[in-house]
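I have placed the structure first, in the form of structure tokens, so that the comments after it can refer back to it.
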Amino acid sequence: MLVVTFDPEQFNFLTAGESSYFLLRLPDGSLTLYNDRCDHRGGPLHLGHWDDVAQCLVCPWHATRYSAKVLRNRGTPLIERSGRVTAVLDLPSSTPVQLVKKAILAQPNSC
Amino acid sequence: MNNSGQTSLAIAPAPSEKAPLRETTSSFDLTWPGTVWPPEETRHLIGLYAARPLFDDTSEQLIRDNPYCRPIDRESTQRLDFNETVNRSGALGASALAAHRMLLNIYETDLIFLPDKNFDARKNDFASYYSNDNKVLGELIRPTLEAHVFNFLDQEINVTGKWTLEAVKTYLQDLIAKHEQSELEMCTAIVSSNDPVRAGRALLLQLACDFLSEASASTRNILGKYGAIQSEFFKIVIDDYGYGVHPVKHSTLYENTLATADLISEVHAYWKFYLSSTLALGNYYHYVSRDHSKYFRAIGAIAVAESMFSHTCRKISQMLRTVFGKKVDTYYFDEHFHIDAHHGRMAFEHVVAPAIEQHGNGVIPDIIRGMEELQLLTAIADEDFIAQVRFFDAVADLKSTAEAIHSRIVEGSFQPSAITHLGTRSQPFITRVNNQDQLYAVQSGTLDLVLGPDQAVRLDRGDVMIVPRQRLHGTAVVSEECCYRVYDFEDYQSCLS
């Protein structure tokens, strides 16, 4: 497994090997690091949108929905403490990692 | 101390007539942090607790042969508001210090302390400390105080995602590896300070708060019946207790360290010099171990503490030998360097991992939270201690800066708020922290600003000095009387621009 620590203000998108993950601040204030690939057909979830009424993320390709609870509980193991986040990725520890800052269109507006 | 005149619940029942218990409990408002008591009632109860004669301020700087005498600064405590929770920056403030003093008093009524000698002279204090009055009143205010000083951890720490045992193991291993590569900043600060012996002694007396009753909070988790991990947990605790062999009980080893550094090894002799962050660390173990709904947080905290303490002890041992030379007994730290390598493994492999396997991944967020909370409180304690060491070293600068600011005040170009104090030699001594920077200006007589048990800054008439916010200090009048003015600033450095 691979442990990555970074500043969530500086980076919000992580690529490790073939996998990508995006940070999302949920309406309850918690932060989740979620696999960017939709379970349905692999759509880029960070380019989805947040449905304020249903409180869920909507995939940009086929509108697959991810509730806040699912995003919080099924994301990558993540700790946020004092302005730093640490993620534990289920990848070999030698996997190369790239961190970038992107526009996360799925980010709830209220956060 | 004399127990006569002890305030009791019988004399001052709570809740008051204005808000009888039945009405209060019928309108629970969970917006009050950590308690169902209305803020006004809580304030009243905290006032009663602070007024107990056992916790009165005393004139001595050190408390000798009396583990029950634990002053909490009644005057300040009765002015402070404990109903709002502190944030991280407030964790070293005045209300946090008062709350932690009271909390440690409350928690430790569950532990047995006896003076080394002169029990007869302390019999009334013994009875008062363990009395139902003291314990019941403490229990009534405990949730409010805990919420006041620990709720900020919920804001600072956030655990999400689909955790597994393997992820926890990987995370902990990564944490330990990084810790073992690190230098301890507090050790560096001690060695590089103007007076390493004074700074080294300052660290040892802070550690005495917890180490002289080591593992007592953890013993709260060895009772009950919860399967094989209970027995594994017990093994860690009995190591700390030296398997019943007193000379190797860890607290005994620490007494030896204190003695060889010319420090007193009586429990809480240095009570008045404990930093807020020192008390917070000790109280945290009680906080998560006394409330068994926080059991998984407790084992997370203990796993991380046991895993990291080995390297910490190695570094402290090296620092002590550098500072004190061969005369200091470092066996306490050398023993932990050895045994905590085992305890870290035991705590994870035989307590944390089986707990997850048996009770499911749903307990992991609490375990991780405990690990993180302890690290955050440790980081705050390290920062606080280093700031205090730098405060010791900065006296000359703080005096010269104070002179520059004071001359602007005298010439009228700057008018901060100020209070004039008239103190006497016989007044009680207590240490405090302030939430703002302060300038002390002695107008008549002589005053000692006491920064530590072996450091006082003498101020005669006309002398001035800055005390930065959140730095622990006390005042002791040296002359018969002393008149001094204390000016408040948001930021003393901005007064120079």
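One line per chain: the protein sequences are A and B, in this order.
Residues in the first sequence are numbered from 62 upward in steps of one, following our numbering.
Residues in the second sequence are numbered from 4 upward in steps of one, following our numbering.
All residues carry an ideal CB built from backbone N, CA and C; glycine is no exception.
As the structure is a prediction and not an experimental result, all values here were calculated from the model.
Close partners of residue 169 (chain B) in chain A (Cβ separation under 9 Å): 62, 149 and 151. Contact of residue 174 (chain B) with chain A is assigned, a C-beta pair being separated by under 7 Å. At least 7 Å separates the beta-carbon of residue 78 (chain A) from that of residue 160 (chain A). Shortest Cα-Cα distance from residue 300 (chain B) to any of B:359, B:277 and B:257 involves B:359. Look at residue 291 (chain B): its C-beta is not under 7 Å from any C-beta on chain A.
Of all residues in the region 116–134 of chain A, those with a C-beta nearer than 7 Å to a C-beta of chain B are 133 and 134, reading in chain order.
Note that the region 431–445 of chain B touches the region 459–471 of chain B; at least 3 beta-carbon pairs, one per stretch, sit closer than 8 Å.
At least 7 Å separates the beta-carbon of residue 205 (chain B) from that of residue 477 (chain B).
The residues 251 and 252, in chain order, have a CB closer than 6 Å to that of residue 245 (chain B) in the same chain once the five nearest residues on each side in sequence are set aside. For the C-beta of residue 363 (chain B), not a single chain A residue is nearer than 7 Å; the gap to the nearest is close to 13 Å. By the C-beta criterion, the region 265–281 of chain B is judged to be in contact with the region 384–392 of chain B, since at least 3 inter-stretch pairs fall below 8 Å. When C-beta distances to chain B are compared with 9 Å, the residues of the region 65–95 of chain A below that value are 66, 87, 90, 91, 92, 93, 94 and 95, in chain order. Taking the beta carbon of residue 161 (chain B) as reference, the chain A residues within 9 Å of it are 90, 91, 92, 139, 140, 141, 142 and 146, listed in sequence order. Within chain A, the residues 64 have their CB atoms less than 7 Å from the CB of residue 177 (chain B), given in chain order. Per DSSP, the unbroken beta strand (DSSP E) holding residue 441 (chain B) starts and ends at 440–447.
The beta carbon of residue 118 (chain B) sits closer than 7 Å to the beta carbons of 68, 69, 70 and 125 from its chain, once the five residues preceding and following it are set aside; these are given in chain order. Under DSSP, residue 96 (chain A) shares a beta bridge with A:82. Along the region 361–393 of chain B, the positions whose C-beta sits under 7 Å from a C-beta of chain A are 371, 375 and 379, read in chain order. Within its own chain, the residues whose Cβ lies closer than 6 Å to the Cβ of residue 192 (chain B), once the five positions on either side in sequence are excluded, are 389 and 392, listed in chain order.
For residue 126 (chain A), the three-state secondary structure derived from DSSP is strand. In this structure, B:239 is the residue among B:326, B:239 and B:344 with its C-alpha nearest to the C-alpha of residue 220 (chain B). Partner residues in the beta bridge of residue 159 (chain A), as assigned by DSSP, are A:76. Secondary structure of residue 248 (chain B) (DSSP, three-state): coil. Interface with chain A (7 Å Cβ-Cβ cutoff): residue 297 (chain B) is excluded. Of the other Cβ atoms in all chains shown, fewer than 16 fall within 10 Å of the Cβ of residue 121 (chain B); this residue is therefore exposed.
Using beta-carbon distances, residue 164 (chain B) counts as an interface residue toward chain A, with a partner under 7 Å.
A contact between stretches requires three or more CB pairs, one per stretch, nearer than 8 Å, and the region 179–194 of chain B fails this requirement with the region 416–433 of chain B. In this structure, DSSP gives residue 155 (chain B) a helical state, which the three-state scheme calls helix. Between residue 136 (chain A) and chain B, the shortest Cβ-Cβ separation is below 7 Å. In terms of Cα proximity to residue 495 (chain B), the closest of B:194, B:394, B:132 and B:408 is B:408. Residue environment: residue 202 (chain B) is assigned as buried (16 or more neighbouring CB atoms within 10 Å of its CB, all protein chains considered). Apart from sequence neighbours up to five positions away, the residues of its chain that approach residue 349 (chain B) with a beta-carbon distance below 8 Å are 235, 238, 239 and 309, ordered along the chain. Counting only runs that start and end inside the region 114–197 of chain B, the beta strand (DSSP E) elements of at least 3 residues fall at 160–163. Proximity of the region 360–371 of chain B to the region 288–300 of chain B meets the contact definition, three or more beta-carbon pairs being nearer than 8 Å. For residue 83 (chain B), the secondary structure class from DSSP, reduced to helix, strand or coil, is coil. Cα atoms of residue 54 (chain B) and residue 139 (chain B): separation of roughly 15 Å, rounded to the nearest angstrom.
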